[in-house]
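Undergrad: Here it is: the structure, laid out below.
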Amino acid sequence: MKTKAAILWETGQPWSVEEIELDPPLENEVLVRIEAAGMCHSDDHVRLGDGYAALPTIGGHEGAGVIEQVGPGITDLAVGDHVVFSFTPACGRCRWCVNGRSNLCDYGQFLMEGSMISGGYRAHARGRDVGTLSLVGTFAERTVVHETSVIRVDPELPFEVACLLGCGVPTGWGSAVNIGRVQPGDTVVVVGIGGIGANAVQGALLCGAQNVVAVDPVPFKLEQAKLLGATHTAASMEEALPLVTDLTRGVMAEVGVCTIGVVEGRMIQPFVNLVSKGGRAVLTGMARNVDDKPVLGLQMFSLFEKSLLGTVYGGCNPRSDIPRLGALYKAGRLRLDELVTRTYALDEINQGYADMLAGKNIRGVIVNSF
Ligand SMILES: NC(=O)c1ccc[n+]([C@@H]2O[C@H](COP(=O)([O-])OP(=O)(O)OC[C@H]3O[C@@H](n4cnc5c(N)ncnc54)[C@H](O)[C@@H]3O)[C@@H](O)[C@H]2O)c1
Ligand SMILES: [Zn+2]
Ligand SMILES: [Zn+2]
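The end of the sequence shown is residue 377 by this note's numbering, with every number in the run present.
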């Protein structure tokens, strides 16, 4: 069938929205009509060549939609199901999946290749095969994905917020909850208030943190963090240092979460300075390929027994955590409507990313109209 998608043909180029030819789903694949897709910073890393993806690729790894067609062998998904895409597949069988760490699923090996898990490509344009970012490619009207990349969700969840459950919400929330292991009464510093950081603030609050300090140079971001429940704000890590020192009588934060859009090696020392003895500094934001060496004084790092922890997906298990976070939203315990600052048509994708880089949005969301 013919449909529309935003393709990255070459590193550094803008997204090109154009008609594509989409094949029907093969074995264990489904065809999804994409209703909404979130514009995460990671796609911009890919566009700039800072995050690896085989090109050409259809962008987008946050999305929600409705199953329109199922391929042979699909037994637990059906036409009409509402689904959220997971940006890492969860096979349910590898050692990581069965040990409750499906964010590290061995099917992740296919993420770099751009082709389908079962081989080949379902999307084609300009006479060439086109891959799908994160095996999903949500910057499109329709996509064909492997069954391990979709999670069925409550059909009452609005698509505009459900799409955020595919990356921004679990990644930010889990960075505080699963990796930071925030405890009641803790002080938590979240550095960078975008679609990821806003959810780290919410995760810390749900764990019972006493102080949640939001750090971002953009005043609008700090206002939004306050609306979500952050107790204090600072414009930079340097400004946060005396504030956190004061708040904790010099103990510093038990947990830090760094969700800066483009992390630089020189930011690691000021970030780690914000956490206490025995504290956990969680690095969720991504650096450029060319600037991925941390600057960190090692002696005090050891003697203060600090931890610097990497994370993908905030340590979440998409198959259990995506529905769980959707239920928290429905119960009024997790704010998602407030995260969608603006919506865009697929054709406006490059404007959406310009607005993200200008600090105008917590999340910009593409909404398709059919
Ligand atoms: N590890 C993972 O699994 C994972 C998943 C998704 C996204 N990410 C990464 O997380 C990061 C954040 O993504 P996002 O979509 O929220 O991005 P975003 O651009 O929406 O938000 C980043 C925020 O960082 C702020 N910022 C920039 N420089 C800063 C500084 N020096 N100090 C404090 N704040 C600063 C910006 O003003 C912005 O508000 C990106 O690097 C993205 O690639 C990682
Ligand atoms: Zn993302
Ligand atoms: Zn697996």
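Quick reminder that beta carbons are idealized off the backbone N, C-alpha and C, glycines included.
(1) Would you call the CB atoms of I41 and E163 closer than 8 angstroms?
(2) Suppose the cutoff is 7 angstroms on Cβ atoms and the five residues either side in sequence are ignored; what does the same chain contact list for E344 look like?
(3) Over what stretch of residues does the alpha helix (DSSP H) that includes D354 continue unbroken?
(4) Would DSSP call R133 helix, strand or coil?
(5) Span of the beta strand (DSSP E) holding T10?
(6) If you drop the 5 nearest sequence neighbours on each side, which residues of the same chain put their C-beta closer than 6 angstroms to that of V152?
(7) Kindly identify the DSSP beta-bridge partner or partners of T145.
(8) So which residues put a beta carbon under 5 angstroms from any heavy atom of ligand 3, going in chain order?
(9) Which of helix, strand or coil does DSSP assign to V91?
(10) So, is E36 buried or exposed, given that buried needs 16 or more other C-beta atoms within 10 angstroms?
(11) Any chance the CB of I200 is under 7 angstroms from a heavy atom of ligand 1?
(12) Is there at least one non-hydrogen atom of ligand 1 closer than 7 angstroms to the beta-carbon of I267?
(13) Buried or exposed: where does F146 fall if 16 or more other Cβ atoms within 10 Å of its Cβ makes it buried?
(14) At 3 residues or longer, what runs of the beta strand (DSSP E) sit wholly inside the segment 38-85?
(15) So, for R342: in the same chain, excluding its five sequence neighbours on each side, which residues have a beta-carbon less than 7 angstroms away from its beta-carbon?
(16) Buried or exposed: where does S125 fall if 16 or more other Cβ atoms within 10 Å of its Cβ makes it buried?
TA: The answer reads as follows:
(1) no
(2) The amino acid occupying residue 344 in the given sequence is Asp; Glu does not appear at that position. Taken in chain order, the residues that qualify are V168.
(3) In this chain, D354 is not harboured by any alpha helix (DSSP H), its DSSP state being neither H nor E.
(4) coil
(5) K9 to L15 is the extent of the beta strand (DSSP E) around T10.
(6) V143
(7) Bridge partners of T145: none, in fact.
(8) C98, C101, C104 and C112
(9) Reduced to three states, the DSSP call for V91 is strand.
(10) buried
(11) Yes, Cβ of I200 sits closer than 7 angstroms to a heavy atom of ligand 1.
(12) The answer is yes for I267.
(13) buried
(14) The segment 38-85 contains these whole beta strand (DSSP E) runs: 69-77.
(15) Q209 and L235
(16) By the Cβ-count criterion, S125 is exposed, with fewer than 16 other Cβ atoms from all chains shown falling within 10 Å of its own Cβ.
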